[in-house]
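**Student:** Provided herewith is a single structure, encoded as C-alpha cells, for subsequent inquiry.
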Amino acid sequence: MVIFWVLWMICSASALSGQEKKALDERAYEEWLYLQSECISPDGRWVAYEQRNKMGCRRIVIHGESATDTIVRGRNLKFSPDSKFACYELYDKDNKSSKLNYWMNLETKDTAFIPEVTSAYFIPGREAMLHLTRKVTDTTVLNTGIKYPLTDLTLFSLSAGDSVRFTNVVSYKYAGDGAYLLLSQKKDSSLFVSVYDLNNKQLRRLDPVYDGNFDFTAACFNPKLDKLAVLKRTISKKDTIKSVVIFELPKFKPCDSIIPGSVLLPEGFGKLAEGALQFSESGDRLYFKIKNSVSDVGDTTRQKVKSDLSMWKWDAPYIPTMNRLHPDQIRKSKFCQYDLKKKRVVVLSDEDMPYFQFPQGEVEDLTLGFNNLNYLREEVYKPASQYDSYLVDIKTGNKQLILRKSFYLPTISVDKKYVVWFEIADSCWYSMDTKTLTKKNLTAEIDDIFYNDEQDIPMHVTNFGLAGWTDKGHTVLIHSKTDLWAIDAAGHDAPCCLTKGMGRKAGIRFRYIKRKDDERYIDLKANLYLEAFQHRTKKSGYYVLTPTGDCMQLVFSDHLYKNLKFSEDRSHCIWRRQSFTEYPEVYKSDSLFTEIEKLSVSDSIQQSYLWGTSELVEWESFAKDSLQGILCKPENFDPSQKYPMLVYFYEKRSDNLNRYNIPSPIATVINWSYCVSNGYLVFIPDVVFRKGEPGASSYDAVVSGVKSLIDRYDFIDKDRIALNGHSWGGYQIAFLVTRTNMFKAAVSGAPVVNMTSAYGGIRWESGKSRMFQYEQTQSRIGGTLWDKPAEFIRNSPLFFLPQVQTPVLIMHNDKDGSVMWEQGIEFFMALRRLDKPVWLFNYKGEGHHLKKWENRLDYSRRVMEFYDYYLKDGKKPEWMKS
C-alpha cells in the first residue's frame, strides 16, 4: 500500500512530462485528493491533516519545524495536551473495515501499536495520558436480569510509561480537567461505583452503603473538586429508581441526597429525570431535572385488538409527521436547583416556561427561561419558532415576562444586569435593565445598518448576529452589515466601531471569529480576529483588532480564506486558502501572519488535466437591478472561437467566485470545473427576487444576464446555450422554458411546477408542511393560497407548459424529502401529454440529493450526453431514442 501511494503520487506529479493535458473524466473523480481534518498542536509546533481519494488511498501528513512525516492508511490523528505525542488510527491493509490504534513520539518518530483496543484518545488536562478501551465480548447479566455491554478501560501514560486497567466497566466520566475518573464496574452479579484520582493514582469506592445494583447515568464535580453529584440509578427486578447523591471529597462519603418522594420535591413530581446535572460556578447550587411521578394510563378496556391509526387533529399543536413531543409531555418535566446551604429545592421551569438556560459565570442569581408552547400550532406553517422570554430568579424561582412572541431569543450579560435582543418591529437591537426592566434602543442613533437590507424573502427581518458579551460585564459586540460595534447595554458609554468604519468605506464585511466553540465571553485584552470579505471584488482575508484599538490587515487577496484555527497558546495558526484554480491548501503562520508557510500539496493531479478560469461579470437586469455573476472559461481559452455555454443558478452565487470545485460526479447540479475542462463556458448569474413574482424575477435576472454576455462577447455561441438547476433552481428552469425559447436544452432537478398542489404538501425529511415556503420564505409568494390565488397560478409553470419548445431532462427521486416527487411527475406527464421532448430520471430510493456513487456517475454521464447532443452536435445516446 505504501509503495502504491508513493508510485501513484510520483506518476501523477510527472504526468505532464509524458503527455498533454486532457479533459477531466471519470478517472479524475477517483484520483482527486480530498484534504480534511487539519489540526495544530497545543504549542503550535506541529500541524497534521488527512488526504484521501476515492480509490481508497489515505494518509496522514504531519509537519514539524524541520521535517514532514507521512502515515499511510492513517486517520483521526490527535495531539497530546503537552504536544509531545500523537495517537491515530490505521486501517488494516487486509481489512479496511478494521482499524488499528497507534501512538507516536513526535520528537523521536518512534511509533507503537496498541493491541486489542477499539478506541484511543488523549485525556483532556493530562500531559500525555491515553484513554484506551476494549469491548468485552460477553454481555453482563445482573441478578436483576438486566443486560449491560462491558468495556475494559486502560489509562496509559506515554511520558511515564505506566498504566492502570479497569475491567468490566459499564459507564465512566472524567471531571476536573482529567483529575478524576468516575466509573461503574461489574463485580460478580452487581454494579459498583468508584472514583479514580489520576493525580494520586488512588481508586476509592463510594461509600459501601451505595454498593450493589447501583449505576449512574449522569455525574458532575463542583468547580472546587470537593463535591461530587451522581444521578444514581438503583436497579431492581421491579423498577429502576433514580436519586441524586452528593459525595464529599476526598472522603468520598455521602453528605446530601435528593430522593424520590422527598418533601423537597414539588407535589406530583416525585421522579428524577435523565440528563441535566450541573453545579453552579460557586458550587453552592446543583441543577437537575424532575418529572411527573404519575404514569400515563390509557384505556385498558379494549386492548386485545389495536388499530394502526395516525390521527390528524385540526387544533393539535403539531401534525403527526413532525414527530415532536406533545406540549403535555414537555410539561411533565421541570428544571430545579438544589441549594446546598439552605437544603431546599427551587423549581426554575414550569408549565408556562418549560425551557431554561443554565446560568453561567460568577454572577449566577439570574438567568433566562423560554416558552414556545403557545405558538406551536403556528410553527407548522411558519419558518421559525416564536418564544415568550422570562427573567428567572435563581434563588426563588420567580419569573417575569420580558418579551412576548419573539423570533429572536434574548441573551444575558456576564454580570446579569442586562439582556439584549433584536426587535423585528423596527429592526434595531435593544437592551433591558434586569432590575428596572427599562428598555433602551441601542442602535437607532448609530449611522450604520444592523438589519439585512438586501433580504428578498417575505418573512421577519433578519440581522447580522451578535458576536458576544465582553468580559467587562455589560458591553456587547454586535455586527452591522459591514462592521463590528462595541455597545454599552447600559447606554452610559457611546457606541464604538471597533473596525473604525473600514468595512462600510471599503465594502468589506467583517465577522468575529470565536477563540473556541464554547467561548463564554470576549476578552478585549486579547487580539480579536475577524474574517473579512469584500462583496464587490470577492476578495477575502483576515484582520486583527488589537487591545490598543488598532484594526490591522493580516492577509487580503483574490482568494477565499476559511477555517482559521489557533494553537492553544495562540502562538501560531493554520487556515486554508483557495481560488477557482488553486486547491484549498493548508497554510501556517505566527499569530500576526508575518511568516506564512504553505504546508500541503494536494493539486498534483490537477496538473494533468485541462482546468479553467473564473471572472466576475456585472450587468443591469430587466428590473433595473445591478447584478453580478461568474463566468468560467476553459483553459487555453481562445476569444476568436465560439463556445457553448451552460447557465446554472439558484439565488446569489457570485460570492463563490474564488471557490475551488473538486471534480466530482453530479449529486444535484453540474460541476463547474468538469464542464469548463470539457469545452463549455459556465455562467452563474445572481438572482434577486420580488415578493409575489419569483418566476418573473428569475427571468429578469437570468435572461438579462445571458443577453448581456451575448451582446458583450462574440465567443458565446448564442444558439448553443442550456440551463442547469436543482430544487429552487429546478423550479426556475421550469418557469423560464415557458417564457423563452432562447435555450437549446434544460436540465431541471427536483422542480416544483404546480405551487397550488405543492403548497399543502409535506417536507418528509422534517415532517413540516410546505406552506411556510410560499407564504414567508424561498418561494416568496407572500401569502396563503386563498389570499393570493392569482400569484400561485401565475408562478406555476404547469399552467403554461403548452408554450415550451425546449427539450427538458428532469431528475426527481421517489424518496425526495424536500420536494414531493409527484411534482416531477406532474412536469413530465404534462410535457408528455403535450408531445414535448422530455425525459424523467428517478433513481429509486434516492432523496433530494444523489448519494450513491454509482447513481451519481450514471446521472453525470447522461447529463453530459444530453448537453453534448444539443450543444455540440454529439451522438444521440440510446436512452434518448424511442
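Numbered per this note's numbering, the sequence shown spans residues 179 to 1060.
Ideal Cβ placement from N, Cα and C applies to all residues, glycine included.
Considering only residues of the same chain and omitting the five flanking positions on each side of PRO588, which have a CB-CB separation below 8 Å?
**Tutor:** LEU546, SER567, ILE580, LEU581, VAL597, VAL598, TRP599, MET610
**Student:** Spatial neighbours of PRO817 within its chain, please: CB distance less than 7 Å, with the 5 preceding and 5 following residues excluded, ordered by chain position.
**Tutor:** PHE893
**Student:** In chain order, what residues of the same chain lie with their CB nearer than 8 Å to the CB of PRO725, ignoring the 5 residues before and after it?
**Tutor:** LEU702, LYS703, ALA704, ASN705
**Student:** With a cut-off of 8 Å, do at least 3 Cβ pairs link the stretch 707–718 to the stretch 685–698?
**Tutor:** yes
**Student:** Let's test the definition: count the other Cβ atoms within 10 Å of the Cβ of ASP474 and tell me whether it reaches 16, buried, or not, exposed.
**Tutor:** Low confidence applies to ASP474: its pLDDT is 44, below 50, so where it sits in the model is not reliable, and the reading given next is rough at best. Under this definition ASP474 is an exposed residue.
**Student:** Out of LEU427, GLN785, ALA454, PRO428, which has the shortest C-alpha to C-alpha gap to SER421?
**Tutor:** ALA454
**Student:** How is the beta strand (DSSP E) around THR934 delimited, first residue to last?
**Tutor:** Run containing THR934: none in the beta strand (DSSP E); it sits in the alpha helix (DSSP H), 933–936.
**Student:** So for LEU976, helix, strand or coil by DSSP?
**Tutor:** helix
**Student:** Report the residue from LYS200, PRO220, ASP203, TRP224 whose alpha carbon sits nearest the alpha carbon of GLU775.
**Tutor:** Closest by alpha carbon: TRP224.
**Student:** Which residue wins for smallest C-alpha separation from VAL982, given the options GLN214, PHE1006, ILE959, ASP994?
**Tutor:** PHE1006
**Student:** First and last residue of the alpha helix (DSSP H) that includes ALA912?
**Tutor:** 906–914
**Student:** Of the residues TYR326, ALA912, ALA968, HIS1027, which one's Cα is nearest the Cα of PRO985?
**Tutor:** ALA912
**Student:** So does the stretch 939–958 actually touch the stretch 490–499, counting three or more Cβ pairs closer than 8 Å?
**Tutor:** yes
**Student:** State the Cα-Cα distance for the pair GLN214 and LEU976, rounded to the nearest angstrom.
**Tutor:** 44 Å
**Student:** I'd like to know if the stretch 823–839 and the stretch 858–871 are in contact, where contact means that at least 3 CB-CB pairs between them fall below 8 Å.
**Tutor:** yes
**Student:** From this set, LEU360, VAL654, LEU359, which residue's C-alpha is nearest LYS595's C-alpha?
**Tutor:** VAL654
**Student:** Have a look at ALA622 and ASN641 and give me their C-alpha separation to the nearest angstrom.
**Tutor:** Rounded to the nearest angstrom, the gap between the Cα atoms of ALA622 and ASN641 is 14 Å.
**Student:** May I have the straight-line CA-CA distance separating GLU228 from ASP247, to the nearest angstrom?
**Tutor:** 12 Å
**Student:** Reducing DSSP to helix, strand and coil, say where GLU796 ends up.
**Tutor:** strand
**Student:** Fully enclosed by the stretch 247–325, which beta strand (DSSP E) runs are 3 residues long or longer?
**Tutor:** 252–257, 263–270, 273–283, 289–292, 297–300, 307–319
**Student:** Return the first residue and the last residue of the beta strand (DSSP E) that ALA664 is part of.
**Tutor:** 662–666
**Student:** DSSP on ASN1033, reduced to helix/strand/coil?
**Tutor:** helix
**Student:** How close, in whole Å, do the beta carbons of ASN849 and SER842 come, if the pair is a contact with beta carbons under 8 Å?
**Tutor:** 6 Å
**Student:** Could you check how far apart the C-beta atoms of LYS277 and TYR269 are, in whole angstroms? I think they sit under 8 Å.
**Tutor:** LYS277 to TYR269, Cβ: 6 Å. Contact.
**Student:** What residue does the beta strand (DSSP E) around LEU1063 start on, and which one ends it?
**Tutor:** Residue 1063 is absent from the model: the chain starts at 179 and stops at 1060.
**Student:** Mapping DSSP to helix, strand and coil, what is ASN619?
**Tutor:** strand
**Student:** From the DSSP secondary-structure annotation, give me the bridge partner or partners of GLY807.
**Tutor:** Bridge partners of GLY807: VAL795, PRO863.
**Student:** Suppose contacts are defined by Cβ-Cβ distances below 8 Å. Is ARG1040 in contact with TRP1057 by that definition?
**Tutor:** yes
**Student:** State yes or no: is the C-beta of LEU409 within less than 8 Å of the C-beta of GLY354?
**Tutor:** no
**Student:** Exposed or buried, which one is PHE370 when buried takes at least 16 other CB atoms within 10 Å?
**Tutor:** buried
**Student:** Can we say the stretch 514–531 touches the stretch 546–559, given the rule of at least three CB pairs closer than 8 Å?
**Tutor:** yes
**Student:** Give the straight-line distance between the Cα atoms of VAL880 and VAL865, rounded to the nearest whole angstrom.
**Tutor:** 7 Å
**Student:** Where DSSP assigns a beta bridge to ILE894, which residues make up the other side?
**Tutor:** TYR821
**Student:** By the DSSP assignment, the beta strand (DSSP E) with CYS235 in it spans what residues?
**Tutor:** CYS235 -> no beta strand (DSSP E), and no H or E assigned at all.
**Student:** Under 8 Å, do LEU360 and LEU376 count as touching if we go by C-beta distance?
**Tutor:** no
**Student:** So, for HIS904: in the same chain, excluding its five sequence neighbours on each side, which residues have a beta-carbon less than 7 Å away from its beta-carbon?
**Tutor:** THR846, VAL847, GLY927, ALA928
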